[in-house]
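K.L.:
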Amino acid sequence: MNFPLPLAPMLQNIPTRIPSPTFTFLSSTQTILNPSAIATFNSIYQLDPAVHTLIYKPVSKKVQMVPAPMVEEYCIISLPDDPLAGLQPLSTHQPELDLDPADWLWPEELKLVTWLVSVHEPTFAWDIMECGHPDKHYFLPVKIPMIPHTPWVQCNIPIPSMIHAQVIDMIKDHIKSSMYEPSTAAYCSCWFCVVKKDRKSLCLVHDLQPLNAVIIHDMSIPPFIEHLTEYFAGYAVYVMMDLYSRYDQHALHVDSHDLTTIGTCLDCISLLLCHKLM
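Sequential numbering of the sequence shown, starting at 288, is according to my numbering.
1) Where residue 471 and residue 346 are concerned, what is the direct C-alpha to C-alpha distance, given to the nearest angstrom?
2) Assign residue 489 to buried or exposed, taking buried as 16 or more other Cβ atoms, counted over all protein chains shown, within 10 Å of its Cβ.
3) Excluding sequence positions up to five away, which residues of its chain have a Cβ less than 6 Å from the Cβ of residue 415?
4) Which runs of the beta strand (DSSP E) at least 3 residues long sit entirely within the segment 463 to 538? Give them in chain order.
5) Classify residue 559 as helix, strand or coil using the three-state DSSP reduction.
6) Using 8 Å for Cβ pairs, my map puts residue 546 next to residue 474. What's the rounded Cβ distance?
7) Please report the Cβ distance between residue 539 and residue 561, rounded to the nearest whole angstrom; I am assuming they are in contact, meaning their Cβ atoms lie under 8 Å.
8) Enumerate, from N- to C-terminal direction, the unbroken beta strand (DSSP E) stretches of 3 or more residues contained entirely within the segment 392 to 431.
9) Should residue 477 and residue 461 be called a contact, given that it needs their Cβ atoms to be closer than 9 Å?
10) Of all Cβ atoms in chain C, is any one closer than 9 Å to the Cβ of residue 512?
11) Under a Cβ-count criterion, where at least 16 other Cβ atoms within 10 Å of its own Cβ denotes burial, should residue 309 be classed as buried or exposed?
12) Report the rounded CA-to-CA distance for residue 505 versus residue 451, giving the unit in angstroms.
13) Roughly how many angstroms separate the alpha carbons of residue 399 and residue 381, rounded to a whole number?
14) When you compare the segment 499 to 514 with the segment 349 to 358, are there three or more beta-carbon pairs, one atom per stretch, that lie closer than 8 Å?
15) Check the C-beta distance from residue 431 over to residue 557 and give it rounded, since I have them as a contact under 8 Å.
16) Here's a check: name, in chain order, each residue in its chain whose Cβ is nearer than 7 Å to the Cβ of residue 361, leaving out the five neighbours to either side.
17) Let me check understanding here. Comparing Cα to Cα, which of 425, 426, 374 and 394 lies closest to residue 406?
18) Are the beta-carbon atoms of residue 420 and residue 536 separated by less than 9 Å?
19) Got a sec? Which residues, its chain only, sit under 7 Å from residue 455 by beta carbon, not counting five neighbours each side?
20) Give the C-beta separation of residue 442 and residue 327 to the nearest angstrom, bearing in mind that I take them to be a contact with Cβ-Cβ under 8 Å.
21) Check the DSSP bridge columns for residue 550 and list the partner residues they point to.
22) CA-CA distance, residue 445 and residue 348?
23) Under a three-way DSSP split, which group does residue 457 fall into?
24) Could you round the C-beta distance between residue 402 and residue 365 to whole angstroms and report it? I think they count as a contact, below 8 Å.
25) Exposed or buried, residue 519, counting other C-beta atoms within 10 Å across all chains shown (16 or more means buried)?
26) Please classify residue 548 as buried or exposed, where buried requires at least 16 neighbouring CB atoms within 10 angstroms.
The structure is reproduced here in structure tokens:
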């Protein structure tokens, strides 16, 4: 195993080979790393000598946002007076439809659900390509408040060839679903892939520590989703929502797109949504 330069102290203690069920490169040091990749790796992980595994960096090393006065353009904006204005009224006489489930709903409930599905069919997304975004009149695009700074450029951790095609397909799908767009910005942040809990799927992760270092800290706290979900316990729910996605579908303001630029093998791309920011 040959490295271009001596390894950082943390990487020197890693065993040369640790088997992994699916992606052996993610838990071994067989991949050739360059100095930039080693520096990026050390900024994210550290070695736990007790169990000989890599863990995320401690809270004490977390890059915090900047405490500074909030600019007026980032303050809270009131919503329209009547959020229901313009919505289609609920009909009191539903049309008859031929639908026979396993007698789970009452007849009138079945009529109502059938009518709602048929009238609001475009609101249902059966795959990621059909997902829409909240109305910008009620959910304004998120603009990131910052202090004056110099654009940053980071190098990426090399993507192993055994998952290269899978990563390209994942990025293409994200572009088709309007999560990314091509970018020509002066910024470039590091990114890498991690394995999800199913030990098969990959998740693309943005390393936005340089961005956190120039963001003005907003001390307002959003609602705790866990507290809201507790009220659903013991109730029959006819609608299933992904409450834990939180703010994935919120649009990112056009002025903040460049701040999220990453360099990929396809091209430089930037985020259109807050999916990787929260």
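A virtual CB, placed ideally from N, CA and C, is assigned to each residue, including glycine. Please read all numbers here as calculations on a predicted model, not as lab measurements.
P.N.:
Straight from the coordinates:
1) In the sequence shown, counting from the first residue as 1, residue 471 sits at position 184. In the sequence shown, counting from the first residue as 1, residue 346 sits at position 59. Our two residues, residue 471 and residue 346, have alpha carbons roughly 33 Å apart in a direct line.
2) By one-based count along the sequence shown, residue 489 stands at place 202. That one is buried.
3) In the sequence shown, counting from the first residue as 1, residue 415 sits at position 128. Hits under 6 Å: 464.
4) 467 to 469, 477 to 482 and 489 to 494
5) The residue labelled residue 559 in the question sits at position 272 within the sequence shown. Coil, per DSSP.
6) Counting from one through the sequence shown, the residue named residue 546 turns up at place 259. Counting from one through the sequence shown, the residue named residue 474 turns up at place 187. Yes, residue 546 and residue 474 are in contact; Cβ-Cβ is about 6 Å, under 8 Å.
7) Taking the sequence shown and counting its residues from 1, one reaches residue 539 at position 252. Taking the sequence shown and counting its residues from 1, one reaches residue 561 at position 274. The C-beta distance from residue 539 to residue 561 rounds to 6 Å, short enough to meet the 8 Å contact threshold.
8) Secondary structure in the segment 392 to 431: no beta strand (DSSP E) run of 3 residues or longer lies completely within the stretch.
9) The sequence position of residue 477 within the sequence shown is 190, counting from 1. The sequence position of residue 461 within the sequence shown is 174, counting from 1. Not a contact, by the Cβ cut-off of 9 Å.
10) Of the protein chains in this structure there is only one, and it is not chain C.
11) As a working note, residue 309 is residue 22 in the sequence shown. Note that residue 309 has pLDDT 46, beneath the 50 cutoff, so the model's placement of it is unreliable and no number is given.
12) As a first step, residue 505 must be located in the sequence shown, where it is residue number 218. As a first step, residue 451 must be located in the sequence shown, where it is residue number 164. Looking at the backbone, the Cα of residue 505 and that of residue 451 are separated by about 38 Å.
13) Working through the sequence shown from its first residue, we reach residue 399 at position 112. Working through the sequence shown from its first residue, we reach residue 381 at position 94. Using only the alpha carbons, I get a separation of about 6 Å.
14) Result yes; three or more Cβ-Cβ pairs closer than 8 Å.
15) The sequence position of residue 431 within the sequence shown is 144, counting from 1. The sequence position of residue 557 within the sequence shown is 270, counting from 1. Actually they do not touch by this definition, with Cβ atoms about 12 Å apart.
16) Taking the sequence shown and counting its residues from 1, one reaches residue 361 at position 74. These residues qualify, in order along the chain: 430 and 432.
17) One-based indexing of the sequence shown puts residue 406 at position 119. Here the closest residue by C-alpha is 374.
18) Here residue 420 is taken as the residue at index 133 of the sequence shown, counted from 1. Here residue 536 is taken as the residue at index 249 of the sequence shown, counted from 1. Contact: yes.
19) Taking the sequence shown and counting its residues from 1, one reaches residue 455 at position 168. Correct list, in chain order: 552 and 553.
20) Counting from one through the sequence shown, the residue named residue 442 turns up at place 155. Counting from one through the sequence shown, the residue named residue 327 turns up at place 40. With 8 Å as the limit, residue 442 and residue 327 qualify as a contact, their Cβ atoms being about 7 Å apart.
21) Counting from 1 along the sequence shown, the entry for residue 550 is found at position 263. Note: residue 550 sits in a beta bridge opposite 555.
22) Locating residue 445 in the sequence shown gives position 158, where the first residue counts as 1. Locating residue 348 in the sequence shown gives position 61, where the first residue counts as 1. Going by the C-alpha atoms only, they are around 24 Å apart.
23) Here residue 457 is taken as the residue at index 170 of the sequence shown, counted from 1. In the structure shown, residue 457 sits in a helix (DSSP, three-state: H, G or I).
24) Against the sequence shown, residue 402 aligns to sequence position 115. Against the sequence shown, residue 365 aligns to sequence position 78. For residue 402 against residue 365, the beta-carbon gap comes to about 34 Å, at or over 8 Å, which does not count as contact.
25) Numbered from 1 along the sequence shown, position 232 holds the residue referred to as residue 519. Exposed, since its Cβ has fewer than 16 Cβ neighbours within 10 Å.
26) As a working note, residue 548 is residue 261 in the sequence shown. Classification for residue 548: buried.
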